[in-house]
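Asker: What follows is a single structure, and I will ask about it in a moment.
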Amino acid sequence: VKVIKRLPYMNDTLENIIGIIYARDKDVYKKVLKMISKNKMILRFDLVNEYKNKNGIKAVYASVERIDGRIAGMLFKDCLVYEMKESIMSGIEKWNIVAESSSFMKVLPKIRELTYEFKVVENTYDPILSIQNELTHKEMEILKLAVNKGFFDTPKRVGLEELAEELGVSKSAIMQILRKAMAKIAKKTVFD
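One rule links them: number in the numbering used here = place in the sequence shown (from 1) + 12.
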């Protein structure tokens, strides 16, 4: 389950959520839906769309949820949050939060009280995130495709020919764009 967007509701105790459910098989998908239906914090849950293919099931959902007494509620109430995303895989919640530092540090002890195990993996601005602003749309598109198709895996699952064929461009064009994108990422990582 991955939360894509959180939108404030008409009062401070509720929020609208748009999210995605991924499941490799039908049984896991049904279990996730059952867990959601039993969650008393979720007041309304609607499946917006469902996609089934050989890799499993992907569903887009919209929900109205209570936030009081939850991590999201504490963050929204006591912290200046610029962006917040959450995903749940294998029973582990992962939160990506961009927030004002001092207010975030003040709310951390309250969050720790709510959780079984809690650790801050990164508590400062990561310069690699800003590289997205420097990559062109085409560079980002090709990088995403290369990563998703396994171009960077060892051994490679796909080569330049397959990437070029999928995008309808030459092999040399793909290589040139990939090299430019990787050079930007490398320079940003090394020099920032």
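We put the beta carbon where it would ideally sit given N, CA and C, even for glycine.
Can you say whether Ile140 is buried or exposed, counting buried as having 16 or more other CB atoms within 10 angstroms of its CB?
Answerer: Bear in mind that a pLDDT of 49 at Ile140, under 50, signals an unreliable position, so the number given afterwards is only what the model happens to contain. Exposed, since its Cβ has fewer than 16 Cβ neighbours within 10 Å.
Asker: Could you check where the alpha helix (DSSP H) with Ser99 kicks off and where it finishes?
Answerer: Where Ser99 is concerned, there is no enclosing alpha helix (DSSP H), although the beta strand (DSSP E) it sits in stretches over 93-101.
Asker: Spatial neighbours of Ile154 within its chain, please: CB distance less than 8 Å, with the 5 preceding and 5 following residues excluded, ordered by chain position.
Answerer: Correct list, in chain order: Leu175, Leu179, Ile186, Ile189, Leu190, Ala193.
Asker: Per DSSP, which residues does Ser75 bridge with? Please list them.
Answerer: Bridge partners of Ser75: Ile29, Phe57.
Asker: Under three-state DSSP, which class holds Gly85?
Answerer: Reduced to three states, the DSSP call for Gly85 is helix.
Asker: Mark Ala198 as exposed unless 16 or more other C-beta atoms lie within 10 angstroms of its C-beta, in which case mark it buried.
Answerer: Flag for Ala198 reads exposed.
Asker: Apart from the five residues just before and just after Asn206, which ones in its own chain have a Cβ nearer than 8 Å to its Cβ?
Answerer: What the structure shows of the chain is the stretch from 13 to 204, and residue 206 is not part of that stretch, so it cannot be assessed.
Asker: Span of the alpha helix (DSSP H) holding Pro20?
Answerer: Here Pro20 belongs to no alpha helix (DSSP H); instead the beta strand (DSSP E) covers 14-20.
Asker: Under a Cβ-count criterion, where at least 16 other Cβ atoms within 10 Å of its own Cβ denotes burial, should Ile16 be classed as buried or exposed?
Answerer: Result: exposed.
Asker: What is the DSSP secondary structure of Val110, reduced to helix, strand or coil?
Answerer: Of the three classes helix, strand and coil, the one that applies to Val110 here is strand, per DSSP.
Asker: For Glu98, which of Ile83, Tyr63, Ala74 has the nearest alpha-carbon?
Answerer: Nearest option by C-alpha distance: Ile83.
Asker: Taking 8 Å as the threshold, find out whether the segment 74-81 comes into contact with the segment 17-27 through three or more Cβ pairs.
Answerer: Touching, yes.
Asker: Determine the DSSP secondary structure at Asn65, reduced to helix, strand or coil.
Answerer: Strand at Asn65.
Asker: How should Leu87 be labelled, buried or exposed, when 16 other C-beta atoms within 10 angstroms of its C-beta is the threshold for buried?
Answerer: Answer is buried; the Cβ neighbour count reaches 16.
Asker: Identify every residue that forms a DSSP beta bridge with Ile104.
Answerer: DSSP output for Ile104 lists Met101 as bridge partner(s).
Asker: Go through its chain and collect everything with a Cβ distance to Arg56's Cβ below 7 Å, but skip five positions before and after it.
Answerer: Hits under 7 Å: Ser75, Val76.
Asker: How is Tyr34 classed by DSSP in three states: helix, strand or coil?
Answerer: Here Tyr34 sits in strand by DSSP.
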